[in-house]
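Have a look at the structure below, then the notes.
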Amino acid sequence: MKHKLITILVLILSSIQVWAQNDLKARIQFEEAEEAFAAGDYQTAATKALETERLLGKWSHKISYIIIVSLNKTMPFEPDKEILKTLRSQVNQYMKFAGSNKSIVPIEKFKDAYAVEEIIKHQEQRIKDKSDPDFLKGLELFEKNGPDKGMSHFQKTADKGNAAALCMLGNIYYDKGDYEKAMVSYQHAANKGNVYAMYCVGALYNYGHGVVQDYSEAFKWSKKAADLGCTSAMSYLGSMYYRGQGVTKNLSESLLWYERAALKDDPMAISTVGAFYYSGTGVTKDEKKAEALLKKGARKNDKSAMRLLGDISYNRDDYKNAVTWYEMAAEKDDIQAMLSLAKLYKESKISNPDEMIKWYTKAAEKGDSYAMGMLHYILRYGEYGVKKDKKLAKEWEAKEKEAKANGKK
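If you read the sequence shown in the numbering used here, its first letter stands for residue -13, the second for the next number, and so on.
Pasting the structure below:
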């Protein structure tokens, strides 16, 4: 009997020790989560907060708030289902707790959780719409046989009020150049709460496709979509604030929206934020941070990041790396990178007439009138070590005039 009691006591003491260790680990994890959250490192904050909850073995409104905000800020527009499931669970518990403990939960934090709840609702409805059998059949036919084969199924699903089907019809009409019908489909879907459709309505207003161009309407619809988690709409707002289209120009606000899109891993937004830090646009210039962001964008195959990294290397007289970055961007049909390569081989210490002509030609073949003009000038006068070729020069002169007449740069 005595031996049995000792065994039980040892087990109890061991359990207490494990609990104490987990409690200490949880405190450390939570402190690190709070630090990451305050620093804007939401990926780390979410990971640390989730680990804190696991170690404690129970839910806490303080931990949950960090999880909710951090997951929402980093969740892409097409989220992983497990992330969405975790977010839904956390929001449900938080809203229930807030309803019963109004004196504990600050109103601003409640508003944050409520906003995320709205995003989740729209995401869940979008997933439901895309799971409709008629929609899936239309998608299968669309992918195998082209848009015309899928349209009848999309129309059938749209007639039932399916917003995802309306969006697909909008996409098909847009690709066919029937912008008015595209706008009707997108507007109908947007009115049903489809976030992607809201973004598309904003884009059509921005370009004046199927509707009179209206930057104010473009901003309004882009803002709606961005507030509901659409990454592309966030970048759109960044652009509109930068250009002062539909809203008063505000570089700081532009950077803010690009940063929000970048947090969701949007390559173009990551590169744009990097460019802002490099030039000191709307923020204190920080070349180290800029280069890190641009390299991240380049790893995600963003050609503008590659070109800007080429510019940075060129300005440092690091021509080897400049060529590497420019060529990577040029391979992705970045005309400006082609022109930069031509300029590098024309003026730098590694000048090479053949390479210069090659890259001006590549840019010209992509329709760039400036490159055509340079080829005309170089070949006509035999500049930069290139042999005169008046016949070819005249051909490029004619192409340049034609391109400019057609409104090309």
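Glycine included, C-beta positions come from ideal geometry on N, C-alpha and C.
Rounded to a whole number of angstroms, what is the C-alpha to C-alpha distance between residue i and residue j?
{"i": "Leu42", "j": "Ser50", "result": "13 Å"}
{"i": "Phe63", "j": "Gln109", "result": "8 Å"}
{"i": "Asp118", "j": "Thr143", "result": "8 Å"}
{"i": "Glu273", "j": "Phe128", "result": "46 Å"}
{"i": "Leu214", "j": "Lys59", "result": "11 Å"}
{"i": "Ile(-2)", "j": "Leu10", "result": "Only weak support is given to the placement of Ile(-2): the predicted model assigns it a pLDDT of 45, under 50, and the question is left unresolved by the model."}
{"i": "Lys318", "j": "Ile336", "result": "23 Å"}
{"i": "Thr267", "j": "Tyr244", "result": "12 Å"}
{"i": "Ser208", "j": "Arg229", "result": "15 Å"}
{"i": "Asp66", "j": "Ile14", "result": "28 Å"}
{"i": "Tyr80", "j": "Asp200", "result": "40 Å"}
{"i": "Asp161", "j": "Lys167", "result": "11 Å"}
{"i": "Val102", "j": "Tyr300", "result": "44 Å"}
{"i": "Lys130", "j": "Met137", "result": "13 Å"}
{"i": "Lys282", "j": "Arg293", "result": "13 Å"}
{"i": "Ser218", "j": "Ala248", "result": "10 Å"}
{"i": "Thr38", "j": "Met324", "result": "51 Å"}
{"i": "Met120", "j": "Lys146", "result": "Sequence inspection shows Asp at residue 120; the Met mentioned does not correspond to that position. Asp120 and Lys146: Cα-Cα distance of roughly 10 Å."}
{"i": "Asp304", "j": "Lys286", "result": "23 Å"}
{"i": "Val181", "j": "Glu386", "result": "43 Å"}
{"i": "Leu125", "j": "Lys380", "result": "50 Å"}
{"i": "Ile53", "j": "Asp252", "result": "21 Å"}
{"i": "Ala291", "j": "Ala284", "result": "5 Å"}
{"i": "Ala391", "j": "Gln322", "result": "21 Å"}
{"i": "Glu341", "j": "Lys114", "result": "54 Å"}
{"i": "His362", "j": "Gly196", "result": "39 Å"}
{"i": "Ile105", "j": "Arg112", "result": "11 Å"}
{"i": "Val4", "j": "Leu279", "result": "Note that Val4 has pLDDT 42, beneath the 50 cutoff, so the model's placement of it is unreliable and no number is given."}
{"i": "Lys88", "j": "Ser265", "result": "46 Å"}
{"i": "Leu327", "j": "Tyr312", "result": "6 Å"}
{"i": "Asn78", "j": "Glu68", "result": "15 Å"}
{"i": "Ser355", "j": "Gly368", "result": "19 Å"}
{"i": "Asn177", "j": "Ser171", "result": "10 Å"}
{"i": "Glu351", "j": "Leu70", "result": "46 Å"}
{"i": "Ala12", "j": "Val91", "result": "22 Å"}
{"i": "Leu122", "j": "Lys116", "result": "7 Å"}
Looking at the structure shown, is residue i part of a helix, part of a strand, or coil, going by DSSP?
{"i": "Tyr370", "result": "coil"}
{"i": "Ser46", "result": "coil"}
{"i": "Val55", "result": "helix"}
{"i": "Gly215", "result": "coil"}
{"i": "Gln29", "result": "helix"}
{"i": "Ser117", "result": "coil"}
{"i": "Lys130", "result": "helix"}
{"i": "Thr270", "result": "coil"}
{"i": "Asp9", "result": "helix"}
{"i": "Lys352", "result": "coil"}
Can you tell me which of the options puts its alpha carbon nearest to the alpha carbon of residue i?
{"i": "Leu152", "options": "Tyr160, Gln141, Asp320, Lys274", "result": "Gln141"}
{"i": "Thr360", "options": "Lys352, Lys373, Ile343", "result": "One point to set straight first is that residue 360 is Met, not Thr, in the sequence displayed. Nearest option by C-alpha distance: Ile343."}
{"i": "Glu239", "options": "Pro253, Met220, Gly368, Leu249", "result": "Met220"}
{"i": "Lys377", "options": "Leu365, Glu388, Lys385, Glu369", "result": "Leu365"}
{"i": "Asp27", "options": "Ala323, Leu330, Arg246, Gly147", "result": "Arg246"}
{"i": "Asn338", "options": "Ala323, Val372, Glu351, Ala349", "result": "Val372"}
{"i": "Leu223", "options": "Met154, Ser75, Ala255, Gly196", "result": "Ala255"}
{"i": "Asn148", "options": "Ala391, Gly179, Asp354", "result": "Gly179"}
{"i": "Tyr346", "options": "Asn236, Ile158, Trp382", "result": "Trp382"}
{"i": "Ala396", "options": "Asn236, Val187, Tyr193, Val198", "result": "Summary: the structure shown does not reach residue 396, with the chain confined to residues -13 through 395, and so no result is reported for it."}
{"i": "Lys210", "options": "Ala189, Gly194, Tyr193", "result": "Ala189"}
{"i": "Thr310", "options": "Lys116, Ala204, Leu295", "result": "Leu295"}
{"i": "Tyr331", "options": "Ala308, Met314, Thr234, Val269", "result": "Ala308"}
{"i": "Met314", "options": "Ser46, Ala99, Val55, Lys289", "result": "Lys289"}
{"i": "Gly260", "options": "Phe83, Leu242, Phe23, Ala276", "result": "Ala276"}
9 Å is my cut-off, CB to CB: does residue i come that close to chain C?
{"i": "Ser337", "result": "Protein chain content of the structure displayed is limited to a single chain, and chain C is not contained in it."}
Query - Unbroken stretches of the alpha helix (DSSP H), 4 residues or longer, contained in the segment 137 to 212 - result: 149 to 161, 165 to 177, 181 to 193
Query raised in the report: What are the complete alpha helix (DSSP H) segments, minimum 4 residues, inside the segment 274 to 345?
Result: 289 to 301, 305 to 316, 321 to 333
Query raised in the report: Which whole runs of the alpha helix (DSSP H) in the segment 61 to 108 are 4 residues long or more, in chain order?
Result: 67 to 86
Query - Entirely enclosed alpha helix (DSSP H) segments - the segment 230 to 255, minimum 4 residues - result: 237 to 249
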